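Visitor:
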Amino acid sequence: MTTAIYSHPDCQRHEMGQWHPESPARLQAIADQLINAHIDDLLEHREAPLVDLADVARNHSPNAIAIVKTQPHEGDDYYPIDGDTSLNRHSWQAALRAAGAAVAATDAVIDGEIDNAFCAVRPPGHHARPSAPMGFCLFNNVAIAARHALDARGLRRVAIIDFDVHHGNGTEEAFRDERRVLMASFFQHPYYPYVDALPITPNRINVPVPAYTKGDVVRQLVLDKWLPALHAFKPEMIFISAGFDAHREDDLGGMGLVEADYAWMTEQLVAVAKKHARGRIVSCLEGGYNLSALGRSVVAHVKALAEI
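Take 51 as the starting number for the sequence shown in the numbering used here and just add one per residue.
Have a look at this one:
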């Protein structure tokens, strides 16, 4: 398998204060662990381009785009959007790179240049609503890429899998009435963003789980809920909102997953993609705030994508 890693230094220039857990150090921790695991040289490294705003506009309103483009006033370090999310002078460029990575990876996978990709980018995306940024997220990178696959590249069905500890409310909102998209997730509940998921349907398998849920429960959920829906849907491409904050060492979540659980879930998705989607997967970083656990979990995820 040819697995590409998409990233860009601009993604490390966006920051929201030294206290903020969604920090530039997250990407450095991932890069360090890929090297420590001796797999960095086995991956194809690609630079994330700037996204075309036409791609962003397929998923976000003009007002949502304008909010992200806002710059801090002279003398201010940060421009607050909400209690969790701020902009600095580099945020607009970082957001364009993060979404650009997802779209470029989508094109490369569809064109057969690579088998699959992991986008090591920030800011993350799955809380970003069509109408506004939210919860550390500026643009919804996975949703933008999925729209690109459907509306620009002509795919008929895509699946979005979200294994972040937090519910991907922005993604769910973006595709709530879209029959060409299957979204499947688990998420800790009740927990941020403190919204109830929409009812489960054949195209929406978002399953709430309580705090302290461990990997055995999640694996059974995948077997009982996700996989039957995926095989029935037969996606032509799979997108992953890859959050690693359900790890037992992550203080921003309250679940009990470990690296082996992320590897196992990824292996199941690789098998589905091989059966129905010519192996096509694009995965984008979402959460994960314990730096050691994040790096180790990404290594497990990427090794499963690359089958190494």
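Even for Gly, the Cβ is constructed at its ideal location relative to N, Cα and C.
Small disclaimer: the values here were computed from a predicted structure and weren't measured.
Under 8 Å, with one C-beta from each stretch per pair, do the stretch 130 to 143 and the stretch 296 to 305 reach the 3-pair mark?
Guide: no
Visitor: Given 7 Å as the limit, tell me if residue 155 has its C-beta closer than that to any heavy atom belonging to the ligand NAD.
Guide: The ligand NAD is not part of this structure, which contains no ligands at all.
Visitor: Let's test the definition: count the other Cβ atoms within 10 Å of the Cβ of residue 276 and tell me whether it reaches 16, buried, or not, exposed.
Guide: Classification for residue 276: buried.
Visitor: Where residue 236 and residue 116 are concerned, what is the direct C-alpha to C-alpha distance, given to the nearest angstrom?
Guide: 31 Å
Visitor: Between the Cα of residue 54 and the Cα atoms of 158, 320, 259, which residue gives the shortest distance?
Guide: When each option's Cα is compared against that of residue 54, the closest is 158.
Visitor: Go to residue 60, then tell me how far its alpha helix (DSSP H) extends in each direction, as first and last residue.
Guide: 60 to 63
Visitor: Just tell me which of 230, 223, 216, 187 has its CA closest to the CA of residue 205.
Guide: 230
Visitor: Rounded to whole angstroms, what is the Cα-Cα separation between residue 268 and residue 207?
Guide: 25 Å
Visitor: Determine whether the Cβ of residue 279 lies closer than 8 Å to any Cβ atom of chain C.
Guide: Structure shown: chain C not included; a single protein chain is present.
Visitor: Should residue 174 be labelled buried (16 or more other beta-carbon atoms within 10 Å of its own) or exposed?
Guide: buried
Visitor: For residue 166, list the residues DSSP reports as bridge partners.
Guide: 53, 331
Visitor: Just tell me which of 226, 74, 278 has its CA closest to the CA of residue 180.
Guide: Checking every option, the nearest Cα to that of residue 180 belongs to 226.
Visitor: Mark residue 217 as exposed unless 16 or more other C-beta atoms lie within 10 angstroms of its C-beta, in which case mark it buried.
Guide: Here residue 217 is buried: its Cβ has 16 or more other Cβ atoms, across all protein chains shown, within 10 Å.
Visitor: What residue from 278, 241, 188, 200 has the CA that sits closest to residue 234's CA?
Guide: 278
Visitor: Please determine if the stretch 72 to 89 and the stretch 190 to 206 are in contact, where contact requires at least 3 C-beta pairs separated by less than 8 Å.
Guide: no
Visitor: Measure from the alpha carbon of residue 70 to the alpha carbon of each residue in 59, 128, 108, then state which is nearest.
Guide: 128
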